[in-house]
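Trainee: Please find one structure pasted underneath; my questions will follow.
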Amino acid sequence: MKTKVMRLDENNIDEHVISEAGDILRQGGLVVFPTETVYGLGANALDKNAVKGIFEAKGRPQDNPLIVHISKMKDIEKLVQKIPSVAEKLMDKFWPGPMTIILKKKDIIPNETSAGLDSIGIRMPSNKIAMKLISMAGVPIAAPSANLSGKPSPTDIETCIEDLDGRVNMILGGDNSEVGVESTVIDCTINPPCILRPGGITLEMVKEVDSNIYIDPAIMKKPDKDLKPKAPGMKYRHYAPKAPLKIIKGDLNKTIEKINEMVQNYIDAEKKVGIIATDETIDNYKKGDVVSIGSRKDLNTIAHNLFYVLRSFDEKNVDLILSEAFEEKDMGVAIMNRLKKSAGYDIINLD
Numbered sequence: 002m003k004t005k006v007m008r009l010d011e012n013n014i015d016e017h018v019i020s021e022a023g024d025i026l027r028q029g030g031l032v033v034f035p036t037e038t039v040y041g042l043g044a045n046a047l048d049k050n051a052v053k054g055i056f057e058a059k060g061r062p063q064d065n066p067l068i069v070h071i072s073k074m075k076d077i078e079k080l081v082q083k084i085p086s087v088a089e090k091l092m093d094k095f096w097p098g099p100m101t102i103i104l105k106k107k108d109i110i111p112n113e114t115s116a117g118l119d120s121i122g123i124r125m126p127s128n129k130i131a132m133k134l135i136s137m138a139g140v141p142i143a144a145p146s147a148n149l150s151g152k153p154s155p156t157d158i159e160t161c162i163e164d165l166d167g168r169v170n171m172i173l174g175g176d177n178s179e180v181g182v183e184s185t186v187i188d189c190t191i192n193p194p195c196i197l198r199p200g201g202i203t204l205e206m207v208k209e210v211d212s213n214i215y216i217d218p219a220i221m222k223k224p225d226k227d228l229k230p231k232a233p234g235m236k237y238r239h240y241a242p243k244a245p246l247k248i249i250k251g252d253l254n255k256t257i258e259k260i261n262e263m264v265q266n267y268i269d270a271e272k273k274v275g276i277i278a279t280d281e282t283i284d285n286y287k288k289g290d291v292v293s294i295g296s297r298k299d300l301n302t303i304a305h306n307l308f309y310v311l312r313s314f315d316e317k318n319v320d321l322i323l324s325e326a327f328e329e330k331d332m333g334v335a336i337m338n339r340l341k342k343s344a345g346y347d348i349i350n351l352d
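Note that the sequence shown covers residues 2 to 352 in my numbering.
The structure is reproduced here in C-alpha cells:
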C-alpha cells in the first residue's frame with residue numbers, strides 16, 4: 002500500500018487535503034491524524050471491514066475495543082442508547098478534550114468496533130485537524146493510537162511514519178500532541194462512574210463534577226490474562242520500548258543511589274543503560290545514557306514527554322532502561338500507569 006503523507010498547519014488547515022482524507026474514510030480506508038492526546042489511526046467506525054483494517058495495520062488484539070471520535074454533540078445520539086446526567090455534565094465540562102465516556106451502544110456500531118461489548122467509548126477531541134476531519138468525513142471515526150501494537154504511542158508525525166508507512170492510506174501531520182498520553186476513560190454505564198484509564202483529565206478534576214467518581218484499583222496492577230477489557234489499554238502490555246524497562250520506586254535519594262549502583266553493575270557487564278531522570282535529579286547520574294523527562298514540579302510536561310523519551314531509547318539501542326517513579330496523584334496517576342505497562346510491571350520497591 003502506498004501511503005500519502007500530508008503535513009498541515011493547524012492554524013491554516015488545507016481543506017482540500019482534509020476533503021481527500023474524508024473521502025478515504027468514507028470509502029473504507031485508513032487515515033492517521035493528530036489529536037491533542039496522541040496521534041490516532043482512524044477508520045469509519047460504522048464500517049466493520051474498515052475497522053478490521055485498523056486491527057490488521059496495528060497488529061492489535063481483536064478483543065481490545067476502540068474509541069469512537071465525534072465532532073458534534075448531536076452525533077452521540079445516533080451511537081448510544083442513553084446518556085446519564087453525570088455523563089452529560091462530564092461532557093459539558095471536558096468536551097472537546099482528552100476524555101472518553103463509555104456508554105451503552107446502539108446496534109449501528111458493529112461488534113468489530115466495540116470488540117463484542119455492548120458498550121462503546123465516545124470522545125470529542127479538541128485538536129483542530131481532528132475536528133475538521135471528523136466533520137468533513139461525515140462519519141464517526143474509530144481510532145486507537147497510530148502505532149504498531151505494544152510500542153509507545155506516537156506524539157509526532159515522524160513516529161507515525163516510522164510505524165505505519167505502507168500500512169495506511171494517508172498520514173496527516175500537525176503539531177506534536179499537546180497532552181502526550183491517551184485520553185482519560187470513564188465508564189458511565191455504572192453508577193458511580195469509574196475511571197478505567199487515567200489520562201489528561203485527572204481524578205481530582207472529574208470529582209468536581211461528581212465526588213463519587215473513583216479510579217478502578219485494578220488499573221495500577223498487572224492485569225489478569227483472562228480479563229475482557231472494557232476500555233483500551235486495560236489488558237495488554239502497551240507503550241513498551243525495545244529494551245526492558247525497570248522502575249525504581251521509593252525515597253528519591255535511595256532511588257538515585259540504587260540506580261547508580263545498578264548502572265555500574267550493568268556497565269561492568271558491558272551493557273548499555275538508559276536512565277529516565279528529572280530536572281531535579283539528572284546531575285546525580287554520572288554514567289549511563291541519561292535523559293531528563295522534565296521537572297517534578299510540572300507533571301503535565303512529564304506526561305507530554307513520556308512516549309517521546311521512551312522512543313528515544315530505541316534509537317540509542319540501549320540494553321536496559323531504569324526509570325525513577327512518580328507520586329500517584331493528579332497527572333502522576335496517568336504517568337505511572339503508562340510507565341508500569343511499559344515496564345511490564347517490573348518494579349523495584351525500595352521502601
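Here a beta-carbon is modelled for each residue, glycine too, at the ideal position from N, C-alpha and C.
1. Rounded to whole angstroms, what is the Cα-Cα separation between G54 and M7?
2. Taking only runs of the beta strand (DSSP E) that begin and end inside the segment 62 to 134, which ones reach a length of at least 3 residues, in chain order?
3. Excluding five sequence neighbours on each side, which residues of the same chain lie with their C-beta closer than 7 Å to the C-beta of N50?
4. How long is the line joining the alpha carbons of D217 and C195, rounded to whole angstroms?
5. How is the beta strand (DSSP E) around N45 delimited, first residue to last?
6. Can you check which of these residues, D320, E262, D176 and D352, is closest to H305 by C-alpha distance?
7. Can you list, in chain order, the residues of its chain whose CB lies under 6 Å from that of V32, leaving out five sequence neighbours each side?
8. To the nearest angstrom, how far is the alpha carbon of N65 from that of N112?
9. Mark K255 as exposed unless 16 or more other C-beta atoms lie within 10 angstroms of its C-beta, in which case mark it buried.
10. Name the two residues that bound the continuous alpha helix (DSSP H) containing S324.
11. In terms of residues, what are the limits of the beta strand (DSSP E) holding K5?
12. Check the C-beta distance from C161 over to Y346 and give it rounded, since I have them as a contact under 8 Å.
13. Name the one or two DSSP bridge partners that I142 has.
14. Could you give the first and the last residue of the continuous beta strand (DSSP E) run that contains N350?
15. Among I276, I294, P141 and S296, whose alpha-carbon lies nearest the alpha-carbon of K287?
16. Using the rule of at least 16 other Cβ atoms within 10 Å of the residue's Cβ for burial, across every protein chain shown, is S212 buried or exposed?
17. Looking at the structure shown, is T185 part of a helix, part of a strand, or coil, going by DSSP?
18. Please classify A144 as buried or exposed, where buried requires at least 16 neighbouring CB atoms within 10 angstroms.
Mentor: In brief:
1. To locate residue 54, count along the sequence shown from 1; it is residue 53. To locate residue 7, count along the sequence shown from 1; it is residue 6. Distance between the alpha carbons of G54 and M7 is about 21 Å.
2. 68 to 70, 100 to 105 and 120 to 124
3. On the sequence shown, residue 50 is found 49 positions in, with the first residue counted as 1. The answer, listed in chain order, is G29.
4. Counted from its first residue, the sequence shown places residue 217 at position 216. Counted from its first residue, the sequence shown places residue 195 at position 194. Note on geometry: alpha-carbon atoms of D217 and C195 lie some 6 Å from one another.
5. The residue labelled residue 45 in the question sits at position 44 within the sequence shown. Segment G41 to N45, the beta strand (DSSP E) holding N45.
6. Taking the first residue of the sequence shown as position 1, residue 305 is located at position 304. That would be D176, whose Cα lies nearest to the Cα of H305.
7. Sequence index remark: in the sequence shown, residue 32 carries index 31 (1-based). Cβ neighbours of V32 beyond the five flanking positions: A22, I25, L26, G43 and M171.
8. The residue given as residue 65 occupies position 64 in the sequence shown. The residue given as residue 112 occupies position 111 in the sequence shown. Spanning the two alpha carbons is a distance of roughly 11 Å.
9. Residue 255 sits at position 254 when you count from the first residue of the sequence shown. Looking at its Cβ environment, which holds fewer than 16 other Cβ atoms inside 10 Å, K255 is exposed.
10. Mapped onto the sequence shown, residue 324 falls at position 323. Note, S324: premise wrong, no alpha helix (DSSP H); beta strand (DSSP E) at L321 to E325.
11. Taking the first residue of the sequence shown as 1, we reach residue 5 at position 4. Taken as a continuous stretch (DSSP letters only), the beta strand (DSSP E) holding K5 covers K5 to R8.
12. If you number the sequence shown from 1, residue 161 lands on position 160. If you number the sequence shown from 1, residue 346 lands on position 345. About 27 Å separates the two Cβ atoms, so there is no contact after all.
13. For the purposes of this step, residue 142 is identified with residue 141 of the sequence shown, where counting begins at 1. In DSSP, I142 forms a bridge with N45 and H70.
14. Here residue 350 is taken as the residue at index 349 of the sequence shown, counted from 1. Looking at the DSSP string, the run of the beta strand (DSSP E) that includes N350 is I348 to N350.
15. By one-based count along the sequence shown, residue 287 stands at place 286. Measuring from the Cα of K287, the nearest candidate turns out to be I276.
16. By 1-based counting over the sequence shown, the position of residue 212 is 211. It counts as exposed.
17. Counting from one through the sequence shown, the residue named residue 185 turns up at place 184. When secondary structure is reduced to three states using DSSP, T185 falls in the strand class.
18. The residue labelled residue 144 in the question sits at position 143 within the sequence shown. Per the 10 Å Cβ criterion, buried.
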